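Engineer: Take a look at this one; I'll ask things after.
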Amino acid sequence: MPVMTLPTPQDFVLARDVCSYGYFVLAPNVWDPRTKTLMRVLSLRDGATSDPVLVAIRQRAKGRLAITISHSLEPSQREVVRAQVSRMLRLDESAQRIAQFHQRDPRFAASGRGRIFRSPTLFEDVVKTVTSCNVQWPGTIQMNRRLCEVVGSAVVIAGRGPAATRAFAFPTPKQLARTRPGTLRSRCRVGYRDVRLVELARLFTLAPSKGGVDQAWLEDPATPDDAMFKYLVKLPGVGPYAAANIMQLLGRYARLPLDTESARHGKHVLGFKGSAAKLAKQVREHFAPLGEDAFRSYWFELWTQYEALKGPAWTWDRDGVGSTFVSDAARAMK
DNA sequence: GGTAGACCTGGACGC
DNA sequence: GCGTCCAGGTCTACC
């Protein structure tokens with residue numbers, strides 16, 4: 011199978027930087043702890059079939075990744091693969107920028123943590139965020155798996171005919187936009203999120219001039235945080251928590267996505283007291299001095315708690331620890 | 001601007 | 001096996 015190489019910043023470590031956020035256990039991502047390989051299907055275009063391609067990403071040496079591809083690609087398609095893998099792994103974040111974070115919060119200098127795993131597209135990050143709202147983590151895992159299997163394109167990876175083994179891509183905006191809400195509800199178990207997800211997908215298929223999501227503006231470093239937050243909370247299924255989470259996925263770390271997990275952390279780890287609203291306020295104020303790295307500090311503090319209970323994240327698999335780490339942490343703090 | 005209640009699913013629990 | 005309760009963030013109606 012064809013292999014591409016991809017340069018990375020010198021401080022990049024695949025196992026550490028993939029296993030840095032819960033999305034690494036969400037379909038279509040598959041992390042193999044034994045071989046320290048990230049596998050998934052990428053969609054190379056937003057069409058009816060989406061040109062799915064299976065990739066396996068390994069770190070062969072410092073500063074270099076090997077990407078094995080399921081079949082030969084045109085040069086332009088290889089560029090799409092490079093761009094999507096770079097986005098997932100946050101290869102655009104320089105070693106200097108990570109070092110700046112470590113100066114602000116030296117607790118994570120030794121481990122080198124700083125990059126937070128995300129999806130190959132903004133659309134997938136937004137949908138994953140919406141499917142993580144008002145549901146427990148195993149529900150989020152299930153919704154993402156079924157969205158891929160029911161709506162996404164398939165790649166045959168072994169065998170042929172009905173008995174063939176297939177891997178599935180995450181749905182593209184066009185694929186999700188044309189799916190009936192009833193199908194999402196009954197087959198993907200997304201519940202009341204059905205209409206919101208279809209409408210969200212439709213907004214990603216439209217040009218900004220026609221009311222569609224302005225992805226270039228959202229990715230533009232010049233866009234002010236407050237304007238971005240106001241824009242995101244108007245998207246269907248996106249409230250204050252989801253908007254703040256999408257912002258961190260866009261590299262805006264000043265705002266914290268505060269949820270019940272934050273309140274639990276504030277109470278049991280940071281020793282705060284009071285109602286859920288008061289706990290959230292105290293958590294926000296606690297991390298505010300970290301400025302534009304507040305979320306990274308907050309997140310890696312939480313992540314360290316999970317790892318203390320369940321072992322290093324790179325040893326987790328989707329169906330084992332990966333499906334339980336949040337609930338186990340919550341139970342431990344009750 | 002703040003608040004209450006509905007939305008939906010899956011897991012835990014009691015019978 | 002069945003019914004009930006609960007957790008989870010967003011949205012809408014209402015004050």
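Residue numbers (the working numbering): 11 to 344.
Beta carbons are placed, not taken as given, at the ideal position from N, Cα and C, and that holds for glycine.
Source: prediction; values computed, not measured.
1) What does the alpha-carbon distance come out to for the pair Gly222 and Gly247?
2) Check each candidate in Glu84, Gln185, His278 and name the one with the smallest Cα separation from Leu210.
3) Need the endpoints of the beta strand (DSSP E) that Trp147 sits in, please.
4) Please report the straight-line C-alpha distance between Val160 and Gly201, rounded to a whole angstrom.
5) Would you call the segment 155 to 175 in contact with the segment 213 to 230, where contact means no fewer than 3 C-beta pairs closer than 8 Å?
6) Take Ala37 as the anchor and find which of Tyr251, Glu317, Ala173, Lys138 has the nearest alpha-carbon.
7) Using only alpha-carbon positions, find the residue among Arg195, Ile126, Asp61, Glu295 that is nearest to Leu101.
8) Spell out a yes or no on whether the segment 267 to 285 and the segment 300 to 315 are touching, meaning 3 or more CB-CB pairs, one atom from each, closer than 8 Å.
9) Span of the beta strand (DSSP E) holding Pro183?
10) Let me confirm a value: Glu89 is counted as buried when at least 16 other C-beta atoms fall within 10 Å, else exposed. Which label applies?
11) In three-state DSSP terms, what is Val137?
12) Hey, is Leu300 close to the ligand FAD, as in C-beta under 6 Å from one of its heavy atoms?
13) Determine, using beta-carbon pairs with one atom in the segment 61 to 73 and one in the segment 188 to 199, whether at least three such pairs fall under 8 Å.
14) Give me, in chain order, the residues of the same chain whose beta-carbon lies closer than 8 Å to that of Lys288; leave out the 5 immediate sequence neighbours on both sides.
15) Which residue wins for smallest C-alpha separation from Ala71, given the options Met11, Asp303, Pro19, Arg197?
16) Just to confirm before moving on: does the CB-CB distance between Arg107 and Pro17 stay below 7 Å?
17) Closer than 8 Å is the cut-off here; do at least three beta carbon pairs connect the segment 230 to 248 with the segment 129 to 146?
18) Return the CA-CA distance between Ala253 and Ala179, expressed in angstroms with no decimal places.
19) With a threshold of 8 Å on Cβ separation, who are the neighbours of Gly301 within its own chain once the five nearest residues in sequence on each side are excluded?
20) Would you say the segment 22 to 34 touches the segment 77 to 85, given that touching needs at least three Cβ pairs under 8 Å?
21) Indicate the three-state DSSP secondary structure (helix, strand or coil) for Leu350 in the structure shown.
22) Please report the distance separating the alpha-carbon of Leu259 from that of Glu134.
23) At a cut of 8 Å, does the segment 142 to 153 reach the segment 115 to 123 through at least three beta carbon pairs?
24) Just confirm the distance between the C-beta atoms of Ala177 and Val13, as a whole number of angstroms; I'd bet it's less than 8 Å.
25) Just to check my reading of the structure: Phe183 and Asp56 have Cβ atoms closer than 8 Å, yes? What is that Cβ distance to the nearest angstrom?
26) Does the distance from the CB of Phe297 to the CB of Ala304 come in under 7 Å?
27) Looking at the strands, I want to know which residues DSSP matches up with Val7.
28) Going by C-alpha distance, which of Cys198, Asp269, Phe239 is nearest Asn144?
29) According to DSSP, is Ala168 part of a helix, a strand, or is it coil?
30) Could you round the C-beta distance between Tyr31 and Ser129 to whole angstroms and report it? I think they count as a contact, below 8 Å.
31) Which residues in the same chain as Leu213 place their Cβ atom closer than 6 Å to its Cβ, once the five residues preceding and following it in sequence are excluded?
Structural biologist: Based on what the coordinates show:
1) Roughly 15 Å between the two C-alpha positions.
2) Closest by alpha carbon: Gln185.
3) Not the beta strand (DSSP E): Trp147 falls in the alpha helix (DSSP H), residues 147 to 161.
4) For the pair Val160 and Gly201, the Cα-to-Cα distance works out to about 15 Å.
5) Verdict: no, contact absent.
6) The option with the nearest alpha carbon to Ala37 is Lys138.
7) The candidate whose alpha carbon is nearest that of Leu101 is Ile126.
8) Contact annotation: the segment 267 to 285 touches the segment 300 to 315, with at least three C-beta pairs closer than 8 Å.
9) Premise fails: Pro183 lies in the alpha helix (DSSP H), 183 to 187, not in any beta strand (DSSP E).
10) Glu89 sits exposed, since fewer than 16 C-beta atoms from the chains shown fall within 10 Å of its C-beta.
11) Helix.
12) By its list of ligands, the structure shown contains no ligand whatsoever, and the ligand FAD lies outside what it can speak to.
13) The way I'd put it, the segment 61 to 73 doesn't touch the segment 188 to 199; fewer than three beta-carbon pairs between them come closer than 8 Å.
14) Correct list, in chain order: Phe282.
15) Scanning Met11, Asp303, Pro19, Arg197 for the CA closest to the CA of Ala71 turns up Pro19.
16) No. Outside cutoff.
17) In this structure the segment 230 to 248 lies against the segment 129 to 146, because at least three pairs of beta carbons, one per stretch, are closer than 8 Å.
18) The alpha-carbon atoms of Ala253 and Ala179 are separated by roughly 25 Å.
19) Spatial neighbours of Gly301 in its own chain (CB-CB distance under 8 Å, excluding positions within 5 residues in sequence) are listed in chain order as Arg114, Ala264.
20) Touching, no.
21) In the structure as shown, the chain begins at 11 and stops at 344. Residue 350 is therefore absent and cannot be evaluated.
22) Cα to Cα, the separation comes out at about 11 Å.
23) Result no; under three Cβ-Cβ pairs closer than 8 Å.
24) Contact flag wrong, Cβ pair sits at about 18 Å.
25) According to the sequence displayed, residue 183 carries Pro and not Phe. Yes, they are in contact, since the Cβ atoms of Pro183 and Asp56 sit about 6 Å apart, within 8 Å.
26) Yes, Cβ-Cβ distance for Phe297 and Ala304 is below 7 Å.
27) With the chain covering 11 to 344 only, the question about residue 7 has no answer from this structure.
28) Per the C-alpha coordinates, the member of Cys198, Asp269, Phe239 positioned closest to Asn144 is Asp269.
29) Residue state, collapsed to three classes: strand.
30) The pair is not a contact, with the Cβ atoms about 10 Å apart (cut-off 8 Å).
31) Result list for Leu213: Gly222, Val223, in chain order.
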